[in-house]
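Chemist:
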Amino acid sequence: MRTFWKIFYNLVVLPILLILVLGISIFKQKYRMGIKGRKKIFLNLKHKSKYIDNGKKRVWFHVSSLGEFEQAKPLILELKNLNNDIKIIVSFFSPSGYEPSKNFKFADLITYLPFDSIWNAKKFVKIINPNLAIFIRYDLWPNHIWELKKKKIPIVIANATMRRNTPRLYPVLKSFHRVLYNEIDYIATISEDDKKVFELLELSNPTIEIMGDTRYDQVFQRANESRKKHLISENIIKNKFVLIAGSTWEADEKVLLNVYKNLKRDFKNFLLIIVPHEPTIKNIIRIEDELNGEIPHIRFSELIDYKGEEVIIVDSIGNLMSLYQYATVAFVGGSFKGSVHNVLEPAVYGIPVILGPYHTNSQEAINLIRAGGAFSCQNENDVLEVLIRLFKNEDLRHEAGKIAGDFVNQNTGATNKFLSYVKKVL
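Count along the sequence shown from 1, then add 59; that gives the number in our numbering.
1) Taking the alpha carbon of T266 as the point to measure from, which residue in N283, T273, T248 and D244 has its own alpha carbon closest?
2) By how many angstroms is the C-alpha of K115 removed from the C-alpha of G392?
3) What distance in whole Å lies between the Cβ atoms of I135 and F165, which are believed to be in contact at a cut-off of 8 Å?
4) Return the Cβ separation of A430 and I462 in integer angstroms, given the expectation that the two are a contact with Cβ distance under 8 Å.
5) Note the first and the last residue of the continuous beta strand (DSSP E) segment covering P335.
6) Kindly indicate which three-state DSSP category V122 falls into: helix, strand or coil?
7) Just to confirm, are I333 and L362 a CB contact at a threshold of 9 Å?
8) Please state if the CB of L322 and the CB of I371 are separated by a distance shorter than 9 Å.
9) Between the Cα of P335 and the Cα atoms of K327, A310 and P355, which residue gives the shortest distance?
10) Nearest-angstrom Cα distance between P173 and L102?
11) Taking the alpha carbon of F359 as the point to measure from, which residue in W205, D348, V184 and L379 has its own alpha carbon closest?
12) Using the Cβ count rule (16 or more neighbours within 10 Å means buried), how would you classify K95?
13) Can you check which of these residues, E137, R237 and S84, is closest to M60 by C-alpha distance?
14) In angstroms with no decimal places, state the Cα-to-Cα distance between L141 and K483.
15) Determine the burial state of R117: buried for a count of at least 16 other Cβ atoms within 10 Å of its Cβ, exposed for fewer.
16) Indicate whether N401 and S381 have their beta-carbon atoms separated by less than 9 Å.
17) Which residues share a DSSP beta bridge with L302?
18) What does the Cβ neighbour count give for W200, buried or exposed, with the cut at 16 atoms within 10 Å?
19) Can you tell me where the beta strand (DSSP E) holding A219 begins and where it ends?
20) Per the DSSP calculation, R358 is bridged to which residue(s)?
21) Using 8 Å as the threshold, is the stretch 259-278 in touch with the stretch 206-220, meaning 3 or more CB pairs across them?
22) Am I right that K146 and D167 are in contact with their C-beta atoms under 8 Å? What's the rounded C-beta distance?
23) Take E368 and list the residues in its own chain whose beta-carbon comes closer than 6 Å to its own, dropping the five residues that flank it on each side.
24) Would you say W178 and I148 are within 9 Å of each other, going by their C-beta atoms?
25) For the beta strand (DSSP E) that contains K146, what are its first and last residues?
26) Determine the DSSP secondary structure at T225, reduced to helix, strand or coil.
27) Can you give me the start and stop residues for the alpha helix (DSSP H) that T339 sits inside?
28) Hey, could you find the ends of the alpha helix (DSSP H) S381 is sitting in?
29) Just mark F63 as buried or exposed, buried being the case when its beta carbon has 16 or more other beta carbons within 10 Å.
30) Quick check for students: name the residue ranges of the alpha helix (DSSP H) that lie wholly in the stretch 399-446, counting only runs of 4 or more.
31) Would you mind giving the Cβ-Cβ distance between F163 and Y157, rounded to the nearest angstrom? I have them listed as a contact below 8 Å.
32) Can you give me the C-alpha to C-alpha distance between Y90 and L77, rounded to a whole angstrom?
33) Can you tell me which of V445, I296 and V388 puts its alpha carbon nearest to the alpha carbon of Y365?
34) From the DSSP output, in three-state form, read off Y365 for me.
35) I'd like the list of long-range same chain contacts for K182, defined as Cβ closer than 7 Å, with 5 residues on each side in sequence excluded.
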């Protein structure tokens, strides 16, 4: 079956994928950026690889995009702490991951992954010449996997996850994925459920163990660094109930602004800080127009002139993680739009988290709600009710916050578990 699937993949699947990507790129800038970024990939690789000592161990991390890179970061940092001579190579599939991460200082080489042809895979693996290949979560490309296996380079998956309803378990696809995953040496899953689903593939080669999720380690490390940043004066937040709404979209902001207007009738000393997911001038002005002169507001970039405004609109990027430390309660955006953003970032500070109805894309959100550290709201009235309860009941607020903080702390440690395996093969 291995030979059959290699032929089928290269003669049927890859041409279809290439046509789809080229077609979609006509309408999607993200795809055009990805194609453009790969045009001189091997020329750039050869140039960059000259600066990596061939006598040193090389570890190649491949991630799909930015979220997976956040999971890779704790592993990279600990590997560097373990042995600073280890050279780290990071490849991205998506420009949304590559562009904001291309200057990450703890990687020795950062690149796009080339299109998954046999020729590209051979050339790519030959140039980067890794001693170990680590794929994060799920972004596996068959020709690169087969080339690594051919060269007897250990292949591992960290933060591996697979849902029970995954199409990969459908009869024909199951056969293909059994062949592909049998090329892997070690699969470190996020949870016991993930491990059980991988076992349904009836794999014969890889060792499958539960590792946990390195996102908890990453968010814990980032919180420690963020606490050192002082972005808001104590005079601004002193004796105030601070609601920070992070990574919000228009649908989230509409709900929150209506709720805020209602709350201000009965509660004083209530400060709302809105951190839009896309803080463009257009979005900032739209939020300001929604306030419509009813509520005094100020942009984050103008805080030096703060005179008691009740709403702060953050008009920059990169500050959300640090801003959450000032929150009494946090709302995580995307949860009234379609898919919630990172719930661990506020939870790590030990504060209650409020979410809209669209949070089932995040297992952490589901588990945090079950634990009691987060509150699920179906509509505007639910958000209003939860905020009133948290505003009035300090014990409830502290209890939910403690649960949220403990939820993150108790799930750290995946990085060290994974590195115990890596040490054996390097």
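Every residue gets a Cβ at the ideal spot worked out from N, C-alpha and C, and that includes glycine.
Modeler: Looking at the atomic coordinates:
1) D244
2) 43 Å
3) 5 Å
4) 5 Å
5) F329 to P335
6) strand
7) no
8) no
9) A310
10) 12 Å
11) L379
12) exposed
13) R237
14) 13 Å
15) buried
16) no
17) L331 and V388
18) buried
19) I214 to A219
20) I372
21) yes
22) 5 Å
23) P355, H356 and I357
24) no
25) K146 to F151
26) coil
27) Element bounds for T339: n/a, residue is neither H nor E.
28) L379 to L382
29) exposed
30) 403-406 and 422-430
31) Going by Cβ atoms, the distance from F163 to Y157 rounds to 10 Å, so no, they are not a contact pair.
32) 11 Å
33) I296
34) coil
35) F101
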